[in-house]
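Visitor: From first to last, the protein sequence lines are chains A and D.
In this text, residue positions in the first sequence follow UniProt numbering: the first is 1, and each later residue adds one.
In this text, residue positions in the second sequence follow UniProt numbering: the first is 1, and each later residue adds one.
Take this structure first; my questions come after.
2 protein chains.
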Amino acid sequence: MKNKYIHIYRDIVEKIRNKTIKPQSTLPSEHELMEVYETSRETIRKALNVLAQNGFIQKVQGKGSIVLDSDKIDFPVSGLVTFKELAKNMGQTYRTIVQFLDVTHPSDELMSKLDLEPSDEVWRVFRIREIDDEKVILDKDFIKRDYVETLTREVCENSIYEYIENELGMLISFAKKEIIVEEPSEEDREHLDLEGFSNIVVVKNFVYLEDASLFQYTESRHRPDKFRFVDFARRMK
Amino acid sequence: MKNKYIHIYRDIVEKIRNKTIKPQSTLPSEHELMEVYETSRETIRKALNVLAQNGFIQKVQGKGSIVLDSDKIDFPVSGLVTFKELAKNMGQTYRTIVQFLDVTHPSDELMSKLDLEPSDEVWRVFRIREIDDEKVILDKDFIKRDYVETLTREVCENSIYEYIENELGMLISFAKKEIIVEEPSEEDREHLDLEGFSNIVVVKNFVYLEDASLFQYTESRHRPDKFRFVDFARRMK
DNA sequence: ATTATAAGCTTGTATATACAAGCGGGTCAA
DNA sequence: TTGACCCGCTTGTATATACAAGCTTATAAT
């Protein structure tokens, strides 16, 4: 009986995605949805609020809930997304090359970023991402050792996130992102196919777990032509 | 008696901002907040949910609401932000130069972007943004004439958003953003102080009103060194 | 000492009710 | 025809209650 509203949310998302419910149309009223899902109005409203928050619908007082055009707001690239999901949308073939993987003590910069002591240990993972046989992204991951005991090359080649969530049972909850543009470093030039591009898009990512503990810092360095970021922003009333 | 929860939200935001409530501490329990604000638990929870959504707190079942470090998640640059707000944070002095302002019929590209007919009219506003006496941003705005009858140079030099919300009484509700990197166009080279930069960060912005109608498309073209985007993303459970 | 259990706190979910506020269509009067 | 008003729909807000589920601490049993 738990998570009824999330179930309703997912159900409606699915119907919007596969066009069972068409863009620009209005959803059934909250009263009608109550009967469809055999639940209370508050539960329906919780589901609708999540839909609105994520850009699927727009609620208008006195009228109803208008279904937005999800194609125009194509999400997958927004928010918390892994390379695997991103690559599927971007190109034909993709591959991850683990440059190296080790445990060290944090540099000064990292100590302030991850809030660490000099004695703490961190996993350091550098990965090169290929899309259509071009090396276009350099991912530098720093993960607190406290949270992750072991980490293998194989895991890094696949998806660290999947490992952490599925194998270790830890839940990623939120992240702070910062996007800036820099000149390519020596490292960038060495590992990426820059093809004359003289800028690098740097996505700095601070990842937090469900208990609000910061456990990972990631720097994702993109060749500019392979970078795209989509965001849906709702205004505070 | 209306909007009690928004009032509570703002009150707590203020307390977090001015450090009356310190980062990493936990908020009073929902029960205690009920008494402080003399309201019901559901109302408190609504306020707390908005706080969580906007990255001010993290709720942990069984424990409480942890106050996040807002300094590390400095918002103002995220979401729906106008140049005026942005410039205040970026530099010392800023200025807006209205390149031109007119009404035309839409190009094919614009027709598809703004969902228009060939007979429709659109305002076209091109503005150059100066920060510290350098021309670093080129803003190209396209606004549906249906929604805005008149638009003056003076308004454009100040803030179109303020004009629309305060003078015309229309409410901006949400926006879809897309960030990509391009080669500078002739136009970019002509109007901006590119200083050898060979890329331009393009922020495409589709702005919607409260009734879900699309009414503006903006293309904001930034010199890469003056671009920064901060985002807070929460994962769906 | 260690472990297991229970109690008491916390937040999470589901339900019901009441009234406010916005929209739209219909009615009726001028 | 036009405008004012009302009614029935919609969503928005506030309240109360009940129980579930997660965390911490204290207590009891081994």
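Just so it is clear, CB atoms sit at the ideal spot from N, CA and C, and this is done for glycine as well.
Are A/F174 and D/A233 close, meaning C-beta to C-beta below 9 angstroms?
Guide: Here residue 174 of chain A is taken as the residue at index 174 of the first sequence, counted from 1. Here residue 233 of chain D is taken as the residue at index 233 of the second sequence, counted from 1. Contact flag set, yes.
Visitor: Checking 9 angstroms against the spacing of the C-beta atoms, do D/A52 and D/K63 come in under that value?
Guide: Numbered from its first residue, the second sequence carries residue 52 of chain D at position 52. Numbered from its first residue, the second sequence carries residue 63 of chain D at position 63. Not a contact, by the Cβ cut-off of 9 angstroms.
Visitor: Within the continuous beta strand (DSSP E) that includes D/T43, where are the two ends?
Guide: As a first step, residue 43 of chain D must be located in the second sequence, where it is residue number 43. First-last for D/T43: 41 to 53, but that is the alpha helix (DSSP H), not the beta strand (DSSP E).
Visitor: Name, please, each residue of chain A whose Cβ falls closer than 8 angstroms to the Cβ of D/N199.
Guide: Here residue 199 of chain D corresponds to residue number 199 of the second sequence, with the count starting at 1. V181, F197, S198, N199, P224, listed in chain order.
Visitor: Where D/L68 and D/Q24 are concerned, what is the direct C-alpha to C-alpha distance, given to the nearest angstrom?
Guide: As a first step, residue 68 of chain D is located in the second sequence; it is residue number 68 there, counting from the start. As a first step, residue 24 of chain D is located in the second sequence; it is residue number 24 there, counting from the start. D/L68 and D/Q24: Cα-Cα distance of roughly 6 angstroms.
Visitor: Would you mind reading off the limits of the alpha helix (DSSP H) that contains D/H31?
Guide: By 1-based counting over the second sequence, the position of residue 31 of chain D is 31. Counting along the chain, the alpha helix (DSSP H) containing D/H31 begins and ends at 30 to 37.
Visitor: Round the Cβ separation of D/A47 and D/Y94 to the nearest angstrom and send it over; I've been treating them as touching at under 8 angstroms.
Guide: Position 47 of the second sequence, counting from 1, holds the residue named residue 47 of chain D. Position 94 of the second sequence, counting from 1, holds the residue named residue 94 of chain D. Contact doesn't hold; Cβ gap of about 34 angstroms is too wide.
Visitor: Using three-state DSSP, classify A/H7 as helix, strand or coil.
Guide: The sequence position of residue 7 of chain A within the first sequence is 7, counting from 1. In the structure shown, A/H7 sits in a helix (DSSP, three-state: H, G or I).
Visitor: Under 6 angstroms Cβ to Cβ from A/D139, same chain only, skipping five residues before and after it: list those, please.
Guide: Here the question's residue 139 of chain A lines up with position 139 in the first sequence. R127, S220.
Visitor: What's the gap between the Cα of D/D193 and the Cα of D/F227?
Guide: As a working mapping, residue 193 of chain D is identified with position 193 in the second sequence. As a working mapping, residue 227 of chain D is identified with position 227 in the second sequence. If I take the Cα positions, the gap works out to 14 angstroms.
Visitor: Return the chain-ordered list of same chain residues with a C-beta closer than 6 angstroms to the C-beta of A/Y208, the five sequence neighbours on each side being excluded.
Guide: In the first sequence, the residue the question calls residue 208 of chain A occupies position 208. Hits under 6 angstroms: S173, F174, L214.
Visitor: Could you check the C-alpha separation between A/D11 and A/Y37 for me, to the nearest Å?
Guide: Counted from its first residue, the first sequence places residue 11 of chain A at position 11. Counted from its first residue, the first sequence places residue 37 of chain A at position 37. Those two C-alpha atoms are separated by around 10 angstroms.
Visitor: Here's the rule I'm using: 16 or more other beta-carbon atoms within 10 Å means buried, otherwise exposed. How should A/S185 be labelled?
Guide: What you label residue 185 of chain A is simply residue 185 of the first sequence in a count that begins at 1. Exposed is the call here.
Visitor: Could you tell me if D/P118 is buried or exposed, where buried requires 16 or more neighbouring beta carbons within 10 angstroms of its beta carbon?
Guide: The residue given as residue 118 of chain D occupies position 118 in the second sequence. Result: exposed.
Visitor: Determine the direct distance from the alpha carbon of D/P28 to that of D/T20, and round the result to whole angstroms.
Guide: Taking the first residue of the second sequence as position 1, residue 20 of chain D is located at position 20. Taking the first residue of the second sequence as position 1, residue 28 of chain D is located at position 28. Going by the C-alpha atoms only, they are around 13 angstroms apart.
Visitor: Which residues of chain A have a Cβ atom closer than 9 angstroms to the Cβ of D/A47, listed in chain order?
Guide: Numbered from 1 along the second sequence, position 47 holds the residue referred to as residue 47 of chain D. None at all; the shortest Cβ gap to chain A is about 12 angstroms.
Visitor: Applying the criterion that 16 or more other CB atoms from any shown protein chain within 10 Å of the CB defines a buried residue, is D/S112 buried or exposed?
Guide: What you label residue 112 of chain D is simply residue 112 of the second sequence in a count that begins at 1. It is exposed - the Cβ of D/S112 has fewer than 16 other Cβ atoms within 10 Å.
Visitor: Name the one or two DSSP bridge partners that D/K59 has.
Guide: Position 59 of the second sequence, counted from the first residue, corresponds to residue 59 of chain D. Bridge partners of D/K59: D/S65.
Visitor: Counting only Cβ-Cβ distances shorter than 7 angstroms, please list the residues of the region 167 to 180 of chain A near chain D, keeping chain order.
Guide: I172, S173, F174, A175, K176, K177, E178, I179, I180
Visitor: Given that a residue counts as buried once 16 or more other Cβ atoms are within 10 Å of its Cβ, and exposed if not, what is A/D133?
Guide: In the first sequence, counting from the first residue as 1, residue 133 of chain A sits at position 133. Classification of A/D133: exposed, given that the 10 Å Cβ count is below 16.
Visitor: Grab me the residues of D/G196's own chain with a C-beta within less than 6 angstroms of its C-beta, minus the 5 sequence neighbours each way, in chain order.
Guide: Walking along the second sequence from the start, residue 196 of chain D turns up at place 196. Nothing listed; no residue qualifies.
Visitor: Rank D/I160, D/N199, D/K2 by C-alpha distance to the C-alpha of D/I179 and give the top, closest one.
Guide: The count along the second sequence starts at 1 and reaches residue 179 of chain D at position 179. Looking at the Cα atoms, D/N199 is the closest of the given residues.
Visitor: Please state whether DSSP places A/E186 in a helix, a strand or coil.
Guide: In the first sequence, residue 186 of chain A corresponds to position 186, counting from 1. Here A/E186 sits in helix by DSSP.
Visitor: Which class does A/H105 belong to by DSSP, given the choice of helix, strand or coil?
Guide: Here residue 105 of chain A is taken as the residue at index 105 of the first sequence, counted from 1. The three-state reading of DSSP puts A/H105 in coil, since its state is none of H, G, I, E or B.
Visitor: Mind checking who D/L209 pairs with in its DSSP beta bridge?
Guide: For this step, residue 209 of chain D is matched to residue 209 along the second sequence. The partner list for D/L209 (beta bridge, DSSP) reads D/I172.
Visitor: Taking the beta strand (DSSP E) that A/R234 falls in, what are its first and last residues?
Guide: Here residue 234 of chain A is taken as the residue at index 234 of the first sequence, counted from 1. That run of the beta strand (DSSP E) goes 228 to 234.
Visitor: Please confirm if D/Q92 has its CB atom under 9 angstroms from at least one CB of chain A.
Guide: To locate residue 92 of chain D, count along the second sequence from 1; it is residue 92. No, D/Q92 does not count as interfacial toward chain A.
Visitor: Does the distance from the C-beta atom of D/V181 to that of A/D231 stay below 9 angstroms?
Guide: In the second sequence, counting from the first residue as 1, residue 181 of chain D sits at position 181. In the first sequence, counting from the first residue as 1, residue 231 of chain A sits at position 231. In terms of Cβ geometry, D/V181 and A/D231 do not form a close pair [threshold 9 angstroms].
Visitor: Check distances from the C-beta atoms of the region 58 to 70 of chain A to those of chain D and list, in chain order, the residues that come in under 8 angstroms.
Guide: Q58, V60, K63, I66, L68
Visitor: So D/V136 is in the alpha helix (DSSP H); what residue range does that whole segment cover?
Guide: The residue you call residue 136 of chain D lines up with position 136 of the second sequence. Element bounds for D/V136: not the alpha helix (DSSP H) but the beta strand (DSSP E), 134 to 144.
Visitor: If contact means a Cβ-Cβ distance below 8 angstroms, which residues of the region 140 to 152 of chain A contact chain D?
Guide: Taking 8 angstroms as the Cβ-Cβ cut-off against chain D, none of the residues of the region 140 to 152 of chain A qualify.
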